[in-house]
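Asks: In short: position in the sequence shown from 1, add 118, done, that's my numbering.
Built from N, CA and C at the ideal position, the CB exists for glycine as well.
Please read through the structure below; I'll follow up with questions.
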Amino acid sequence: MRIGTLGAGTVAQAIARHAIRHGHEVVLSNSRGPGFLAALVRDLGAGATAATPAEAAAADLVVLAVGWPQVPEVAAQLPPLDGTIVIDATNQFASPPPDARIAELGDLTGSEYVASLLPGARVVKAFNALFAQFIAPDPRHEAGRQVLFLAGDDTDAKNTVVALTAQFGFAPVDLGTLREGGRLIQLGGPLSGLHALKQD
Ligand SMILES: NC(=O)c1ccc[n+]([C@@H]2O[C@H](COP(=O)([O-])OP(=O)(O)OC[C@H]3O[C@@H](n4cnc5c(N)ncnc54)[C@H](OP(=O)(O)O)[C@@H]3O)[C@@H](O)[C@H]2O)c1
Numbered sequence: 119m120r121i122g123t124l125g126a127g128t129v130a131q132a133i134a135r136h137a138i139r140h141g142h143e144v145v146l147s148n149s150r151g152p153g154f155l156a157a158l159v160r161d162l163g164a165g166a167t168a169a170t171p172a173e174a175a176a177a178d179l180v181v182l183a184v185g186w187p188q189v190p191e192v193a194a195q196l197p198p199l200d201g202t203i204v205i206d207a208t209n210q211f212a213s214p215p216p217d218a219r220i221a222e223l224g225d226l227t228g229s230e231y232v233a234s235l236l237p238g239a240r241v242v243k244a245f246n247a248l249f250a251q252f253i254a255p256d257p258r259h260e261a262g263r264q265v266l267f268l269a270g271d272d273t274d275a276k277n278t279v280v281a282l283t284a285q286f287g288f289a290p291v292d293l294g295t296l297r298e299g300g301r302l303i304q305l306g307g308p309l310s311g312l313h314a315l316k317q318d
């Protein structure tokens, strides 16, 4: 699979390493331009390239991993995402820790808001509820596989994300729609930051 990342920071890099380890291609993008990603691309090795966000968004599957305040500007740079699966790894920090403030979205969950900015995309919320230090390592531990909660409105898109993340070694757990499941795993939800292992 060709996987594009919007953002090339901690979370995007952790996911990129899993993807490359399992034979996928990764196209990374950031705000400062592909030139700033040359060293990272070299470090990731064969299978990794850098491009603009619009080019990264042309991949089979796209990972959105930018800070919350940057989501609208990233979305505005993208071509129409006609059916593209977008893994939304963001957390709606209006301001980051230590003075964390959760963005006020009215009735919408964070990923419903993200989906509203990405018409045509099939958004699956995943990875956001795990701290990066639980995303980066091999998710297969002696006591079980790292649980990866996900939510989305499109069953096929979720099945693709389930298959991909299970290939990485995670134990994906589908929580339902962006509204119901998304509420459980978004900031302030009962499963946000819950790091669980699943025995096979
Ligand atoms: N860190 C965690 O433990 C963790 C865990 C789960 C979820 N999350 C969530 O995942 C998201 C990313 O977190 P992170 O820790 O990976 O952040 P990060 O390390 O600060 O990386 C953010 C990335 O976004 C890029 N970016 C900013 N504006 C952009 C734009 N307009 N177009 C394209 N790329 C842009 C930055 O590129 P430049 O450097 O070039 O500006 C950078 O590569 C956040 O929403 C966070 O809440 C974080």
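Quick one: is the Cβ of residue 129 within less than 7 Å of any heavy atom of ligand 1?
Replies: Yes, since a heavy atom of ligand 1 falls inside the 7 Å radius drawn around the Cβ of residue 129.
Asks: Rank 263, 297 and 272 by C-alpha distance to the C-alpha of residue 283 and give the top, closest one.
Replies: Answer by Cα proximity: 263.
Asks: Would the C-beta of residue 232 count as close to ligand 1, meaning under 7 Å from any of its heavy atoms?
Replies: No, Cβ of residue 232 sits at least 7 Å from all heavy atoms of ligand 1.
Asks: Which word fits residue 290, buried or exposed, when buried means at least 16 other C-beta atoms lie within 10 angstroms of its C-beta?
Replies: Flag for residue 290 reads buried.
Asks: So, helix, strand or coil for residue 254, using DSSP?
Replies: Of the three classes helix, strand and coil, the one that applies to residue 254 here is coil, per DSSP.
Asks: Report yes if the C-beta of residue 191 is less than 7 Å from at least one heavy atom of ligand 1; otherwise report no.
Replies: Yes, the beta carbon of residue 191 sits closer than 7 Å to at least one heavy atom of ligand 1.
Asks: When the Cβ atoms of the stretch 145-163 are set against those of the stretch 224-243, are three or more pairs found closer than 8 Å?
Replies: No: fewer than three Cβ pairs fall under 8 Å.
Asks: Pull the bridge partners of residue 180 from the DSSP assignment, please.
Replies: According to DSSP, residue 180 bridges with 122 and 204.
Asks: Spatial neighbours of residue 227 within its chain, please: C-beta separation below 7 Å, excluding the five flanking residues on both sides.
Replies: Closer than 7 Å at Cβ, skipping near neighbours: 296, 297, 300, 301 and 304.
Asks: Decide if residue 153 is buried, meaning its Cβ has at least 16 other Cβ atoms within 10 Å, or exposed.
Replies: Per the 10 Å Cβ criterion, exposed.
Asks: Can you tell me whether residue 191 is buried or exposed, with buried defined as 16 or more other CB within 10 angstroms of its CB?
Replies: Residue 191 should be labelled exposed.
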